[in-house]
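Peer 1:
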Amino acid sequence: MTTPTAPAPAGATTLPAPTRPLSLSRTTATATRVLRQLSHDPRTIALLMLIPCVMLFLLRYVFDGSPRTFDNIGASLLGIFPLITMFLVTSIATLRERTSGTLERLLAMPLGKGDLIAGYALAFGALAIVQSALATGLAVWLLGLDVTGSPWLLLLVALLDALLGTALGLFVSAFAASEFQAVQFMPAVIFPQLLLCGLFTPRDNMHPALEAVSDVLPMSYAVDGMNEVLRHTDMTATFIRDALIVAGCALLVLALGAATLKRRTA
Numbered sequence: 014m015t016t017p018t019a020p021a022p023a024g025a026t027t028l029p030a031p032t033r034p035l036s037l038s039r040t041t042a043t044a045t046r047v048l049r050q051l052s053h054d055p056r057t058i059a060l061l062m063l064i065p066c067v068m069l070f071l072l073r074y075v076f077d078g079s080p081r082t083f084d085n086i087g088a089s090l091l092g093i094f095p096l097i098t099m100f101l102v103t104s105i106a107t108l109r110e111r112t113s114g115t116l117e118r119l120l121a122m123p124l125g126k127g128d129l130i131a132g133y134a135l136a137f138g139a140l141a142i143v144q145s146a147l148a149t150g151l152a153v154w155l156l157g158l159d160v161t162g163s164p165w166l167l168l169l170v171a172l173l174d175a176l177l178g179t180a181l182g183l184f185v186s187a188f189a190a191s192e193f194q195a196v197q198f199m200p201a202v203i204f205p206q207l208l209l210c211g212l213f214t215p216r217d218n219m220h221p222a223l224e225a226v227s228d229v230l231p232m233s234y235a236v237d238g239m240n241e242v243l244r245h246t247d248m249t250a251t252f253i254r255d256a257l258i259v260a261g262c263a264l265l266v267l268a269l270g271a272a273t274l275k276r277r278t279a
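Residue 14 is where the sequence shown starts when you use the numbering used here, and the numbers rise one by one after that.
1) What residue range does the alpha helix (DSSP H) around T149 cover?
2) Cα separation between T251 and E241?
3) Mark Q197 as exposed unless 16 or more other C-beta atoms lie within 10 angstroms of its C-beta, in which case mark it buried.
4) So the alpha helix (DSSP H) W154 belongs to, where does it begin and stop?
5) Report the rounded CA-to-CA distance for S38 versus G182, giving the unit in angstroms.
6) Compare the Cα-Cα distances from T98 to each of C210, L140, V259, A225 and report the closest residue.
7) Going by C-alpha to C-alpha distance, which of S36, A272, G238, H245 sits closest to L135?
8) With 16 as the cutoff for other CB atoms within 10 Å, does G78 come out buried or exposed?
9) Looking at the structure shown, is A42 part of a helix, part of a strand, or coil, going by DSSP?
10) Please report the residue range of the alpha helix (DSSP H) in which T179 lies.
11) Sort A106, G261, T43, T57 by Cα distance to G127 and report the nearest one.
12) Just the Cα atoms here: how many angstroms apart are R244 and E110?
13) Run through DSSP, which three-state label would F76 get?
14) State the DSSP-derived secondary structure class of T161, mapped to helix, strand or coil.
15) Helix, strand or coil for D84 per DSSP?
16) In the structure shown, what three-state DSSP assignment does I97 receive?
17) Which residue wins for smallest C-alpha separation from S227, given the options L63, F204, V170?
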């Protein structure tokens, strides 16, 4: 004899059946949707692609009388500018989808949290590749940034920094209720790293407490990685360590971003 099933209470939200943690087809479909939406926003594309190049161009001629200064800090800023722009664009774009209910509707479908976060990371990562390539090419071949190591290593660190900015933007969007609040996270998340990363003074010259804080901030290792390329002809063990730390931080923050996604709202 079959026991009748009790009807679901009125107004209850039915959760979808569990899905696999990650699916290539669902991830690429999400990435394609995000890229299609961004293609209809030329101002965002211009911000992503042009602002780092414009900043590097201005920096080069601010130090026109002291080209060695540009060589000393240009490589570091080549990694910092993509991180900042990707953080801003990703946090605002993701927040729009959270507040509009798009994320909740997507999660009501057979779409895992991992698929969603990986799709966003893949879409913005594709843009980060173009952005980093443009900025690196401009700095090295047009503005004459003098680096001892391979420009390809500069590009690698710039790309990892842009991916880290993407991950941070996805994460902080969960804690903002408006686009204005998303922008307000920049002083809290980016500015302390900017001051403590070793750009303005070597980290070992800082107060010991600040140096200890800088040792756990990913931007510090991004700057250290760029400086390794600036000073050494070959890939060093320190460079590999710095690149792995930046990549690991990006993956960790992406995982935290996935944990902030909810399948239903109150």
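We put the CB at the ideal spot given by N, CA and C, even for glycine.
Peer 2: So, from the listed chains and residues:
1) 126-150
2) 7 Å
3) Per the 10 Å Cβ criterion, exposed.
4) Here W154 belongs to no alpha helix (DSSP H), and DSSP marks it neither H nor E.
5) 24 Å
6) L140
7) S36
8) With fewer than 16 Cβ atoms within 10 Å of its Cβ, G78 is classed as exposed.
9) helix
10) 164-185
11) T43
12) 43 Å
13) coil
14) coil
15) helix
16) Residue state, collapsed to three classes: helix.
17) F204
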